[in-house]
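K.L.:
To convert, count from 1 in the sequence shown and add 2; that's this note's numbering. For each residue, glycine too, the CB sits at the ideal point set by N, CA and C.
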Amino acid sequence: MPGNPQLQDLLDQYRDGRITLAAAAEAIEGLRLDRIGDFACIDTGRGVRCGMPEVVLAEGKDPDHLAEIVLRLAGSEGRCIVTRVNAGQADRIREKAGRDGIATEYREKGHVLLAGNGPAPKRTGGIVGIITAGTSDIGVAEEARAIAGEMGCEVLTAYDVGAAGIHRLFPALKPLLAAHVFVVCAGREGTLPAVVAGLVDKPVIGVPVSVGYGYMGEGRAALASMLQSCSVIAVVNIDAGFTGGAFAARIANMGAGGKP
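#1: Measure from the alpha carbon of Glu186 to the alpha carbon of each residue in Gly208, Phe172, Asn239, Asp203, then state which is nearest.
#2: Excluding the five sequence neighbours on either side, which residues of its own chain have a C-beta within less than 7 Å of the C-beta of Pro177, listed in chain order?
#3: If we count the other Cβ atoms within 10 Å of its Cβ and call it buried at 16 or more, is Asn255 buried or exposed?
#4: Determine the closest residue to Lys98 out of Gln15, Gly214, Ala122, Ile71, with distance taken between C-alpha atoms.
#5: What did DSSP end up calling Val197 once you bin it into helix, strand or coil?
#6: Which residue from Ala180, Ile235, Leu73 puts its Cα closest to that of Gly103?
#7: Select from Glu79, Lys111, Gly100 the residue whose C-alpha is nearest the C-alpha of Thr85.
#8: Please name the residue in Ala165, Gly90, Val87, Leu175 whose C-alpha comes closest to that of Gly189.
#9: Going by Cα to Cα distance, which pick from Ala148, Thr134, Ala24 is closest to Val57?
#10: For Thr159, does the three-state DSSP call read helix, strand or coil?
#11: Contact defined as beta carbons within less than 8 Å: I believe Ile253 pairs with Val202. What is the distance between those atoms, to the nearest angstrom?
#12: Quick check: the Cα distance between Gly154 and Ala223, rounded to an integer number of angstroms?
#13: Rounded to the nearest angstrom, what separates Val163 and Leu68 at their Cα positions?
#14: For the putative contact between Ile235 and Pro195, defined by C-beta atoms under 8 Å, what is the C-beta separation to the nearest angstrom?
#15: Can you give the Cα-Cα distance for Tyr161 and Gly136, rounded to whole angstroms?
#16: Return the residue from the list Glu220, Glu152, Gln15, Pro173 that minimises the CA-CA distance to Lys124.
#17: Could you tell me which residues DSSP pairs with Pro109 in its beta bridges?
#18: Report the three-state DSSP secondary structure of Ala25 (helix, strand or coil).
#19: Out of curiosity, what's the CA-to-CA distance linking Glu100 and Ile240?
#20: What runs of the alpha helix (DSSP H), each 4 residues or longer, lie entirely inside the stretch 127 to 186?
#21: Looking at the secondary structure, which residues open and close the beta strand (DSSP E) in which Thr46 lies?
#22: Could you check if Cys232 is buried or exposed, using at least 16 other CB atoms within 10 Å of its CB as the buried criterion?
#23: Using 8 Å as the threshold, is the C-beta distance between Thr126 and Leu116 below it?
#24: When DSSP labels each residue in this structure, what does Gly237 get in the three-state scheme?
#25: If contacts are defined as beta-carbon pairs under 8 Å, then Tyr16 and Ala26 qualify, I think. What distance do you get, rounded to the angstrom?
#26: Leaving out five residues before and five after Lys204 in sequence, what residues of the same chain have Cβ atoms less than 7 Å from its Cβ?
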């Protein structure tokens, strides 16, 4: 929590007499829970405790239950991030959010929905570069992009610059060199993260993508290749754009002197 602006704001409020000691202690504890019926128990203290808001996985959730969770979080925390949202779920959330005066933005490419009635995230100065090997990898990259942006980072992108046409990478990489960290998404044989890591002096996070078929398809070959990289990279799970984006944002924000 050191350097967390939300925590600093709470301490400032207590110092100035705007909140009581009991209220400050409850908020700082960061263990506040909010139960919704018999289907959800949401963590409303994550923003204070971890420096990033609760993120809701939409996959497998009933649209009405999902909408209730999202609106409760957006109402109490100001912002809510929802990942792996399908069009039907997004429509239901937007319908209910409109009645409650909560703004929503559905980023269909990355299947991410942002909901909130508070201000946009403050810019931290962190910069994340996101690169894809192919056009088919863009959906996962866009999930990473949305998360990093919600964590206050500027995001620079270069898409479809994979190893099959390696000459595409060099001019695309140059505008991204200001980034504190790179997220590189690749399917099939998953070569690109290792190549990028051999060209830059910043951390590289490899995200295997479930593109490819036949033997070791669906991202398995890409994952195995990244784990065996001779360049120094970190690797997240297959299609884990959220994880890659969130981890990259933490690194970038620390590099910029902002929150983790």
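P.N.:
Taking the geometry as given:
#1: According to the sequence shown, residue 186 is Val rather than Glu. When each option's Cα is compared against that of Val186, the closest is Gly208.
#2: Leu158
#3: buried
#4: Ile71
#5: helix
#6: Leu73
#7: Lys111
#8: Ala165
#9: Ala148
#10: strand
#11: About 13 Å; that fails the 8 Å criterion.
#12: 33 Å
#13: 36 Å
#14: 5 Å
#15: 7 Å
#16: Glu152
#17: One point to set straight first is that residue 109 is Arg, not Pro, in the sequence displayed. Note: Arg109 sits in a beta bridge opposite Val114.
#18: helix
#19: The sequence given here places Gly at residue 100; Glu does not occur at that position. Answer to the nearest angstrom: the Cα atoms are 34 Å apart.
#20: 140 to 152, 171 to 175
#21: First-last for Thr46: undefined, no H or E at that position.
#22: exposed
#23: no
#24: In the sequence on display, residue 237 carries Val and not Gly. Val237: strand per DSSP, three-state reduction.
#25: 4 Å
#26: Ala181, His182, Val183, Phe184
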